[in-house]
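Under numbering that gives the first Met the number 0, the sequence shown has 138 at position 139, and the numbering climbs by one with no breaks.
C-beta atoms are modelled at their ideal positions from N, C-alpha and C, and glycine is treated no differently.
This structure is a prediction, so every number in the text was calculated from the model and none was measured.
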Amino acid sequence: MNDYQSIADRVEIEALRGEFTDAAMMRDYDRLASLFTPDGVLRMPNIPAELTGPEEIRTWGRRVPGFVEFLVQTTHPGVIRIEGDTATGRAYMQELGRLRDGRAESNFAIYHDRYRRTGDGWRFTERVYEVRYHDTTPLTGAPPEAPAEGSGR
0 MNDYQSIADR
10 VEIEALRGEF
20 TDAAMMRDYD
30 RLASLFTPDG
40 VLRMPNIPAE
50 LTGPEEIRTW
60 GRRVPGFVEF
70 LVQTTHPGVI
80 RIEGDTATGR
90 AYMQELGRLR
100 DGRAESNFAI
110 YHDRYRRTGD
120 GWRFTERVYE
130 VRYHDTTPLT
140 GAPPEAPAEG
150 SGR
């Protein structure tokens with residue numbers, strides 16, 4: 000594999016991780032599920048949830064708005080190690096959100112990832128969410144209200 004391919008692979012994997020965060024923030028669970036291989040697994044031991052395959056991921060994601068009022072997720076790049084058509088990596092996360100029952104959630108975590116090159120580009124074969132810090136202190140802020148119609152914003 001040449002240097003250009005290695006660079007392209009790293010850019011594509013970083014874009015995959017960015018797509019995951021964007022899909023989660025936009026509540027686009029069809030897109031989020033499409034980022035996994037057919038046998039891909041999303042593990043979130045802190046919830047606890049273990050979802051195998053795009054359909055389980057999509058179904059679970061569609062339930063999220065019923066119990067999550069809002070979620071802000073920020074991804075920070077981590078290591079990527081490429082071995083041919085597979086790779087491993089880590090992404091560092093900060094999340095802030097509130098559940099519909101009023102509980103607050105703030106955490107710092109690591110996604111431990113496995114990736115595979117497919118005909119549709121790089122996809123997750125496994126994504127494991129490891130919380131390193133968790134805080135349930137009530138949030139004093141709230142999402143901004145939508146601007147009033149005709150307000151010019």
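- With fewer than 16 other CB atoms across the displayed protein chains lying within 10 angstroms of its CB, T135 is exposed.
- For V40, the enclosing beta strand (DSSP E) covers residues 35 to 43.
- As the crow flies, the alpha-carbon of G65 is around 41 Å from that of S5.
- Under the 10 Å beta carbon count, G88 is surrounded by 16 or more other beta carbons and is classified as buried.
- A residue is called buried when at least 16 other Cβ atoms come within 10 angstroms of its Cβ; Y3 does not meet this threshold and is exposed.
- For E129, the closest C-alpha among the options G96, T58, G83, P47 is that of P47.
- Assignment of T20 by DSSP, reduced to helix, strand and coil, places it in the helix class.
- Secondary structure note for E94: its beta strand (DSSP E) is the uninterrupted segment 85 to 98.
- Spanning the alpha carbons of T20 and P37 requires a straight line of approximately 20 Å.
- Under the DSSP assignment, R102 falls outside any alpha helix (DSSP H); it carries neither an H nor an E label.
- The Cβ neighbour count for M24, taken over all protein chains shown within 10 Å, is under 16; the residue is labelled exposed.
- For R131, the enclosing beta strand (DSSP E) has its first and last residue at 120 to 134.
- Secondary structure remark: continuous alpha helix (DSSP H) runs of at least 4 residues inside the segment 41 to 66, in chain order: 52 to 66.
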